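Scroll down for the structure; my scribbles are underneath it.
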Amino acid sequence: FRAARSILRDEAEAEDVVQETFVRAFHHLEDFEERSSVRTWLTRIAVNEALSRLRRSQRFDVLVSETNQKGGGSYPVVSKQPGPEDQASSRELQSVLTAAIDSLSQELRTVFVLREIEGLSTLETSEALQLSSEAVRVRFHRARHALRKAVEKQAGKEVQGLFAFAGARCDRTVTQVFQKLRCRHPNE
Numbered sequence: 001f002r003a004a005r006s007i008l009r010d011e012a013e014a015e016d017v018v019q020e021t022f023v024r025a026f027h028h029l030e031d032f033e034e035r036s037s038v039r040t041w042l043t044r045i046a047v048n049e050a051l052s053r054l055r056r057s058q059r060f061d062v063l064v065s066e067t068n069q070k071g072g073g074s075y076p077v078v079s080k081q082p083g084p085e086d087q088a089s090s091r092e093l094q095s096v097l098t099a100a101i102d103s104l105s106q107e108l109r110t111v112f113v114l115r116e117i118e119g120l121s122t123l124e125t126s127e128a129l130q131l132s133s134e135a136v137r138v139r140f141h142r143a144r145h146a147l148r149k150a151v152e153k154q155a156g157k158e159v160q161g162l163f164a165f166a167g168a169r170c171d172r173t174v175t176q177v178f179q180k181l182r183c184r185h186p187n188e
C-alpha cells in the first residue's frame with residue numbers, strides 16, 4: 001500500500017492497486033520462482049500496477065487538456081493557494097523545524113541560518129563569521145546532521161504511522177479481493 005501510495009499520491013487508488021496486486025498474485029502463483037521473497041514479489045507487482053495507472057492517468061490528462069484547448073471542454077479551476085490542511089501542516093512543520101534549529105549549539109545554529117535560511121555562500125559565511133571555509137563546511141554539515149536526527153526523533157513515530165494499512169482499510173481490501181476472486185472470505 002505504501003509503495004503504491006508513494007507513486008500515486010492517492011489513498012483510494014493505492015487501495016485499488018493493493019487489491020489488484022493480490023488478485024494478480026493469486027492468479028500467477030505458479031509464476032513465482034522464489035528468486036526473491038514473497039514480500040518483494042508482491043511489492044514489485046504493486047509498483048508495476050501503480051506505475052501503469054500513473055501512465056494511464058497522465059495520458060488521460062493530456063487528452064483532456066487537448067480537448068479543452070480545442071474548445072468545447074470545461075476548464076477546471078485550481079487554486080494556487082494552499083488549503084487549510086496544507087497551512088496547518090506547514091505551521092506544524094515550521095514549529096518542529098524551529099525547535100530543532102533552536103536546539104543546535106550557537107556555532108552550528110549560526111552557520112546553518114546563514115547558509116540555509118539567509119542563502120549565503122560558504123565564502124560569504126566564512127567572511128561574516130571570520131571562520132575558514134573548511135570550518136563553515138564542517139559546521140554546516142554537523143548542523144544538518146544534528147537537525148536530521150532531531151527531526152527524525154520528533155517525527156519518528158509519526159513517520160512510521162504514515163499511510164497505515166490496517167483496520168477498516170485492510171478489511172475492506174480483503175473483502176474486495178475475495179469478491180474479485182469470487183471466493184468466500186475464510187471467516188464467513
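Note that the numbering used here has the sequence shown beginning at 1, numbered continuously upward. C-beta atoms are modelled at their ideal positions from N, C-alpha and C, and glycine is treated no differently. Note that the structure is a prediction, hence the values are computed from the model and not measured.
In the structure shown, the three-state DSSP call for residue 119 is coil.
Rounded to the nearest angstrom, the Cβ distance from residue 113 to residue 140 is 10 Å, too far for a contact under 8 Å. By the beta-carbon neighbour count (other beta carbons within 10 angstroms, threshold 16), residue 15 is buried.
Burial is judged here by how many other beta carbons sit within 10 angstroms of a residue's own beta carbon; residue 166 has fewer than 16 and is exposed. The Cβ atoms of residue 100 and residue 150 sit closer than 8 Å to each other. Annotated three-state conformation of residue 165 is coil, per DSSP. With respect to residue 136, residue 126 sits close: the two C-beta atoms are nearer than 8 Å.
By the Cβ neighbour-count rule, residue 29 is exposed, with fewer than 16 other Cβ atoms within 10 Å of its own.
Per the coordinates, the alpha-carbon of residue 7 lies some 6 Å from the alpha-carbon of residue 50. For the pair residue 155 and residue 96, the CB atoms are nearer than the 8 Å cut-off. Here residue 123 has 133 as same chain residues with Cβ atoms under 7 Å from its own Cβ, once five neighbours each way along the sequence are excluded.
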